[in-house]
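Read through the structure below, which is laid out as structure tokens, and then see the notes.
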Amino acid sequence: MTKGEHVQLVVLDLDTFSGSERFMQATRAGEAFSKGLRAYLNTDYAQAAEEFRLALIAAYVEGDSTAAEVTDRDRAIIYLYVGNSLAFQHDWKAALREYLNAVQTDATLAEAHYNIGVSFAAQSQIEKAINAFKETLRYNSDLYEAKFALGRCHQAMDNPGAAYIFFTAAHDCRPDAAEPIYYIGLMHQAHGAHELAQKCFAEALRVEPTFQMDHAAPESLETRSEQEAVLWYYRLGDDLKNQGYPEEAERIYQALLQWKPEEHRARYLLANLLARQKNWKGALAEYQQITSEAREYVPASVKMSHIFRLLKRPKVSYQILYRCAQQCPEEAAVFQELGKVLATLGRLPAALKCLQRAVQLDAQNAQTYYLLGRLYMAQGNENKALSAWKRALQISPQLVSLRYDMGVIHLKRGRYRQATQEFQSVLQHWPDDTETHYLLGLSFKEAGDPAQAIDYFERVVQANPQHAQALYYLGACHLQLGNSTAGMAYLQQYDRLLRATTSVLGY
240 MTKGEHVQLV
250 VLDLDTFSGS
260 ERFMQATRAG
270 EAFSKGLRAY
280 LNTDYAQAAE
290 EFRLALIAAY
300 VEGDSTAAEV
310 TDRDRAIIYL
320 YVGNSLAFQH
330 DWKAALREYL
340 NAVQTDATLA
350 EAHYNIGVSF
360 AAQSQIEKAI
370 NAFKETLRYN
380 SDLYEAKFAL
390 GRCHQAMDNP
400 GAAYIFFTAA
410 HDCRPDAAEP
420 IYYIGLMHQA
430 HGAHELAQKC
440 FAEALRVEPT
450 FQMDHAAPES
460 LETRSEQEAV
470 LWYYRLGDDL
480 KNQGYPEEAE
490 RIYQALLQWK
500 PEEHRARYLL
510 ANLLARQKNW
520 KGALAEYQQI
530 TSEAREYVPA
540 SVKMSHIFRL
550 LKRPKVSYQI
560 LYRCAQQCPE
570 EAAVFQELGK
580 VLATLGRLPA
590 ALKCLQRAVQ
600 LDAQNAQTYY
610 LLGRLYMAQG
620 NENKALSAWK
630 RALQISPQLV
640 SLRYDMGVIH
650 LKRGRYRQAT
660 QEFQSVLQHW
670 PDDTETHYLL
680 GLSFKEAGDP
690 AQAIDYFERV
700 VQANPQHAQA
710 LYYLGACHLQ
720 LGNSTAGMAY
730 LQQYDRLLRA
740 TTSVLGY
């Protein structure tokens, strides 16, 4: 089914008229409605529409009478049946007007919202239909028809992931209904996934043995290649993941692997899903089946290494990566991960060599330079660490936390100009970060610019009046500039805060 194609859906009647018995009895509205309902049941929809309109007029005329007790709900029901009578005559525009009148009269009438969706779908306005069906579920979250209709509409919009989810939801809502399963099967069949399609068709007949299947095959069914069928599995799995249904995506990848066990990409994606659920055993079992010839071998090895490090088994991580490096000596990701593992094992020189090799293989990976800088710092080589981190920032200027760390190092080493530059850059990304304002003020103060420092210390105190060091430096800076009144006021605040803290601690 293509976008804009007519989606055939049923209009809904109300099963009961609970709460409307009074208006049905001994009123002109009730009499006309009864006649309309008889004509409606006899499929004389033109006569039914006429009688329902008479009932509607009477409902408004009699509505002011206390005896009649014609409610907004009653009027909305009549509008619904006028709309249905027109819909069965295929006058969808007129029907839509009546359904809109119904929801304007009583917004909680779920069937009217549903029939608005049917009217839009019949006019190939699928996006509007989707919105109406979603609105329906606001007022009746268990309405099977709305869930099934959403499946059909998303199918028409070529959104198989959403269609699959709503068809599944419809089946969960009504387990004895074959139609949602059947339509899932049709989607699979249309893309050449015949095994999945046959499973769905068999399941549809199991839950509803009398269900009549229309085996009119979609166009070009026989021209689907095996590769196109494989791509369908991947597309559906990706859609389901992106829409937040990882368990459904797992089933799709598992189905593909039953058909084609050599599909290592599916195995890798399945393992990733299992790992996100912290199903380490299941994830490892899938990763380990990926052979060294597969494109996914390296990322799978790296993921296995992550898992074993999380499980506090770095030696196993090392063994996996060492084998992988032997098989794929030109893969930067392997050497980067080896560097992490060796650092965990305390083998810093070997870790450094691995990270240097990773940089040689991929000079545009900011993460590698960041790790390299950390190793240099651990070895006390600050100059090389800063050089590596500068390179990381050239590649990825958005690494704000790294700029913050560099600013702290410059400040500790007395390089106030460089510290100021880094902290100012951080504030461009984190304009409300109190600690960065404080450190920037401290940098200006130590650089001999108290006037600049005051502005940043004041922002700190505005955000946190209990920041003792900011109060102290504010006082000191004002005194340095000759503002003795302001300076003493801040120092007195600092003194009161210090004494209060000392008292609380019992000193």
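With positions in the sequence shown counted from 1, the corresponding number in the working numbering is that position plus 239. Quick reminder that beta carbons are idealized off the backbone N, C-alpha and C, glycines included. Given the structure is predicted, the values throughout are model-derived calculations rather than measurements.
Asked	Found
Can you look up isoleucine 529 in the DSSP assignment and give me helix, strand or coil?	coil
Taking just the CA atoms, how far does tyrosine 284 sit from glutamine 328?	7 Å
DSSP on proline 414, reduced to helix/strand/coil?	coil
Along the alpha helix (DSSP H) that carries lysine 579, what are the first and last residues, could you check?	571 to 583
Run the CB neighbour count on valine 300, radius 10 Å, all protein chains shown included, and call it buried at 16 or more, exposed below.	exposed
Can at least three beta-carbon pairs, one atom from the stretch 339 to 358 and one from the stretch 273 to 290, be found at a separation below 8 Å?	no
Does DSSP put asparagine 281 in a helix, a strand or coil?	coil
Can you give me the Cβ contacts of leucine 611 inside the same chain, cut-off strictly under 6 Å, excluding the 5 residues immediately before and after it?	Leu594 and Ala627
Closer than 6 Å by C-beta to histidine 717: which residues in its own chain qualify, once you throw out the five before and the five after it? Chain order, please.	Ala725 and Gly726
Exposed or buried, lysine 551, counting other C-beta atoms within 10 Å across all chains shown (16 or more means buried)?	exposed
To which residues of the same chain is threonine 675 closer than 7 Å at the C-beta, ignoring the five residues directly before and after it?	Tyr643, Phe662, Val665, Leu666 and Trp669
So, helix, strand or coil for glutamate 434, using DSSP?	helix
With respect to the alpha helix (DSSP H) encompassing methionine 543, which residues constitute its N-terminal and C-terminal limits?	536 to 549
With H, G and I counted as helix, E and B as strand and the rest as coil, what does DSSP make of serine 626?	helix
Measuring alpha carbon to alpha carbon, tell me which residue in Thr583, Lys554 and Val541 is nearest phenylalanine 574.	Val541
Between the beta-carbon of leucine 560 and the beta-carbon of leucine 577, is there less than 8 Å?	yes
Could you tell me if threonine 375 is buried or exposed, where buried requires 16 or more neighbouring beta carbons within 10 angstroms of its beta carbon?	buried
Let's test the definition: count the other Cβ atoms within 10 Å of the Cβ of valine 249 and tell me whether it reaches 16, buried, or not, exposed.	exposed
When we look at the beta-carbon of isoleucine 423 and count the other beta-carbons within 10 Å, is it buried (16 or more) or exposed?	buried
Are there 16 or more other CB atoms within 10 angstroms of the CB of proline 457, so buried, or fewer, so exposed?	With a pLDDT of only 47 at proline 457, under the threshold of 50, the placement of this residue in the model should not be trusted, and no figure is reported.
Please work out which residues of its chain come closer than 8 Å, Cβ to Cβ, to isoleucine 634, disregarding the five sequence neighbours upstream and downstream, and give them in chain order.	Gln603, Asn604, Ala605 and Tyr608
Along the chain, which unbroken stretches of the alpha helix (DSSP H) at least 4 residues long are found entirely within the stretch 667 to 724?	673 to 685, 689 to 702 and 707 to 719
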